[in-house]
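In what follows, a single structure is set out as structure tokens and then discussed.
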Amino acid sequence: MIKGLIFDLDGVITDTAEYHYLAWKSLAEKLDIEIDREFNEQLKGISRMESLDLILKHGNKEKDYTKEEKQKLAAQKNEEYQQYIEKITHDDLLPGIEALLKEVQERNLKMALASASKNGPKIIRQLEIEDLFKGTVVDPASLNAGKPDPEIFLKGAELLGLDPTECIGLEDAEAGIEAINAAGMFSVGVGSETAMQKANYFVKETKQLKLKDILKQAEK
211 MIKGLIFDLD
221 GVITDTAEYH
231 YLAWKSLAEK
241 LDIEIDREFN
251 EQLKGISRME
261 SLDLILKHGN
271 KEKDYTKEEK
281 QKLAAQKNEE
291 YQQYIEKITH
301 DDLLPGIEAL
311 LKEVQERNLK
321 MALASASKNG
331 PKIIRQLEIE
341 DLFKGTVVDP
351 ASLNAGKPDP
361 EIFLKGAELL
371 GLDPTECIGL
381 EDAEAGIEAI
391 NAAGMFSVGV
401 GSETAMQKAN
411 YFVKETKQLK
421 LKDILKQAEK
């Protein structure tokens, strides 16, 4: 019996991926490293420090910076990203998401947010949906491991007071789908068939996410 849904943020509820890309690209250029949109796909769903490590490795500079210097670089990227997300409003909810959240609420199903982004609380506040996730936003700083480790989704289930088997996880990144599956939850993916091949159920776009279809698939 499904009692809760655990949502990723970027690419599922809203799309801040472009802002992350612009901020990372800007930082990479300052370090004389070239990254493009194709490379950026590897950064989706993982933490800020993991993303920075991948960029430095890509530029053969992974040994050029101390841990403290890397933390400063990550903070620099986040400052630029913060400037971008100041512009986010309720209108930036992805197509179909407002209706889906409403359906979940009407069915009295619980909701949690499982995003690797430390800016999650700020973004849902600007999207005007923070009331739906009171006390159920996983703090990524409290985690020992990032996606594809299941910890973030297990923590989400814990915040909802549910067993993982009673939850559905929604993601748009391959690492996220792997995390949901490893947590023992039913996984719903948003994206291409290739990227979402490990998902239990997937749609190409958020506007295709319908609660009745998701529940039907999960309860088969």
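Residue numbers (the working numbering): 211 to 430.
Ideal Cβ placement from N, Cα and C applies to all residues, glycine included.
Since the structure is predicted, the reported quantities are computational estimates derived from the model, not experimental observations.
- Assignment of L310 by DSSP, reduced to helix, strand and coil, places it in the helix class.
- Straight-line measurement puts the Cα of E316 at about 26 Å from the Cα of A409.
- Judged by DSSP in its simplified three-state form, S397 adopts strand.
- Fully contained in the region 320-360 are the following alpha helix (DSSP H) runs of length 4 or more, in chain order: 330-336.
- In the DSSP secondary-structure assignment, T299 is not bridged to any residue.
- Beta-bridge partners of G214 (DSSP): K320, C377.
- DSSP places Y294 in the helix class (H, G or I) of the three-state scheme.
- By the CB criterion at 8 Å, I307 and T226 fall outside the cutoff.
- K280 is a Cβ neighbour of L262, given a cutoff of 8 Å.
- Assigned with DSSP and collapsed to three states, Y411 falls in strand.
- Taking all protein chains in view, the Cβ of K357 is crowded by 16 or more other Cβ atoms within 10 Å, so the residue is classified as buried.
- Within a 10 Å sphere around the beta-carbon of A351 sit fewer than 16 other beta-carbons, which makes this residue exposed.
- Going by beta carbons, L380 and V222 fall inside the 8 Å limit.
- Spanning the alpha carbons of V314 and L364 requires a straight line of approximately 20 Å.
- Looking at the DSSP output, T224 sits in a beta bridge with D220, L303.
- By alpha-carbon distance to T224, the top candidate from K277, L215, L304, Q292 is L304.
- Y275 carries a coil assignment under DSSP once its states are collapsed to helix, strand and coil.
- When the five nearest sequence neighbours on each side are left out, the beta carbons in the same chain lying within less than 7 Å of the beta carbon of F396 are those of I378, N410, A428, in order along the chain.
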